[in-house]
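To start, the structure itself, in structure tokens.
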Amino acid sequence: MTLSVDLNSDMGEGFGPWKMGDDAGLLNIVTSANIACGFHAGDADTMAGTMALAVKNGVGIGAHPGFQDLQGFGRRQMQVPLPTLANMVRYQVGAAWAMARAAGGEVRHLKLHGALSNMACKDADMARACFEAALDVAPDIIIMGLAATRMEDVARDLGCRWAGEIFADRAYNADGTLVDRRLPGAMIHDGEVAAQRMVEMVNEGAILAGDGQKLPTRIDTICIHGDGAEAVAFSKTVRAGLEAAGIALKQFSGTPLDQ
Numbered sequence: 007m008t009l010s011v012d013l014n015s016d017m018g019e020g021f022g023p024w025k026m027g028d029d030a031g032l033l034n035i036v037t038s039a040n041i042a043c044g045f046h047a048g049d050a051d052t053m054a055g056t057m058a059l060a061v062k063n064g065v066g067i068g069a070h071p072g073f074q075d076l077q078g079f080g081r082r083q084m085q086v087p088l089p090t091l092a093n094m095v096r097y098q099v100g101a102a103w104a105m106a107r108a109a110g111g112e113v114r115h116l117k118l119h120g121a122l123s124n125m126a127c128k129d130a131d132m133a134r135a136c137f138e139a140a141l142d143v144a145p146d147i148i149i150m151g152l153a154a155t156r157m158e159d160v161a162r163d164l165g166c167r168w169a170g171e172i173f174a175d176r177a178y179n180a181d182g183t184l185v186d187r188r189l190p191g192a193m194i195h196d197g198e199v200a201a202q203r204m205v206e207m208v209n210e211g212a213i214l215a216g217d218g219q220k221l222p223t224r225i226d227t228i229c230i231h232g233d234g235a236e237a238v239a240f241s242k243t244v245r246a247g248l249e250a251a252g253i254a255l256k257q258f259s260g261t262p263l264d265q
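Add 6 to a position in the sequence shown, counting from 1, and you land on the number used in my numbering.
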């Protein structure tokens, strides 16, 4: 059977007249888009424009909620009570759902952003609060989360639809979490190196950690960050490498874990 994988990117992260990344360029390459919902980045006009482009290109739309932290781009950890956190996620997913519908599309998946995602990878209670909040708004939504972390455990327990994610441009710790951006070697900038790593991980069905460990997991989607200057060229190289290895690019189905 031919292997396949989804390619996703975070986008819609401009604000007002300020633009970040080449969303139009990326939407010609990726198969799924995680669109900011206004808390860490984005606004109503940016959401509308990005979603319209996603619909035009046949790219799956995802809600990309984060902490309410425009100044820190959602990358600063915040201690938020779980009921408040759940409401923040409901609020953002609801906004994304409405904007997607107005654009003629639908929200297929949820992907947490930045520090919120990093914390939920290690904190099952946070992950559960966020996932259940999203499911309250959209019961059929696919939860996209970092593969081989507590997110996966929570999704398995909930029995919800799931898409296990790996990152093309990030290095991994031995526990399957991402190496802190501030540390040397955390970011992978060479598209050829990233493509080779992704082909190996998809073929192995495992995350390759920095210490050489292989962490078996279901890999449904690969993330490429869209906020770098070379994001489009990097994405093209990764996609080309996957296709050259005989790995098809298509949207994930969101099958629940263990099915």
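Even for Gly, the Cβ is constructed at its ideal location relative to N, Cα and C.
For residue i, collect the residues of the same chain with a Cβ closer than 6 Å to its Cβ; drop the 5 residues on either side in sequence, then sort them by chain order.
i	result
L122	G72, F73
Output the distance between the C-alpha atoms of residue i and residue j, rounded to the nearest integer angstrom.
i	j	result
A133	C127	7 Å
T90	E249	43 Å
A60	D29	9 Å
Q219	R176	16 Å
M94	C166	20 Å
G252	E198	16 Å
M193	G234	11 Å
V143	M26	28 Å
D3	L88	Only positions 7 to 265 of the chain appear in the structure, and residue 3 is not among them; the question remains open.
F240	H195	8 Å
H115	V65	12 Å
M84	D131	15 Å
P23	G55	13 Å
V244	A50	31 Å
E236	N63	21 Å
Leaving out five residues on either side along the sequence, give the residues of the same chain with a beta carbon under 7 Å from the beta carbon of residue i.
i	result
K117	N40, G68, H70, M150
H46	G72, F73, D75, L76, F79, G80, H119, G120
K256	S10, D12, T37
M57	I41, I67, M105, A106, A109, G111
A161	F137, I149, G151, W168, L263
M157	A126, C127, A133, G151
D159	A130
K242	I35
D217	A180
Which residue comes first and which comes last in the alpha helix (DSSP H) that contains residue i?
i	result
P222	Careful: P222 lies outside any alpha helix (DSSP H), inside the beta strand (DSSP E) at 220 to 222.
L248	237 to 250
Is residue i close to chain B? Criterion is C-beta to C-beta, closer than 8 Å.
i	result
L88	Going by chain labels, chain B is absent from the structure shown, which holds only one protein chain.
Are residue i and residue j closer than 8 Å when you measure CB to CB?
i	j	result
I225	V208	yes
T180	A215	Note on residue identity: the sequence assigns Ala, not Thr, to residue 180. In this structure, A215 lies closer than 8 Å to A180 by Cβ.
I228	I148	no
G18	V238	no
A135	A92	yes
A254	T52	no
Keeping to the same chain, check which residues put their C-beta closer than 8 Å to that of residue i; ignore five residues upstream and five downstream.
i	result
G211	P222, T223, R224, I225
T183	N124, C127, K128, L152, T155
V113	I67, G68, A69, V99, A102, W103, A106, A144, I147
Tell me where the beta strand (DSSP E) around residue i begins and ends.
i	result
R114	113 to 117
M17	10 to 17
L214	212 to 214
A169	168 to 173
C229	227 to 229
G66	66 to 70
G151	148 to 152
S39	Correcting the residue type first, residue 39 is Ala in the shown sequence and not Ser. Element bounds for A39: 38 to 42.
(Q) For the pair the region 186 to 195 and the region 109 to 116, tell me if three or more CB-CB distances fall below 8 Å. (A) no
Q. Are the region 91 to 104 and the region 128 to 148 touching by the rule of at least three beta carbon pairs closer than 8 Å?
A. yes
Q. Does the region 28 to 40 come within contact of the region 8 to 19, defined as at least 3 CB pairs closer than 8 Å?
A. yes
Q) Does the region 257 to 265 touch the region 194 to 213, meaning 3 or more C-beta pairs lie closer than 8 Å? A) no
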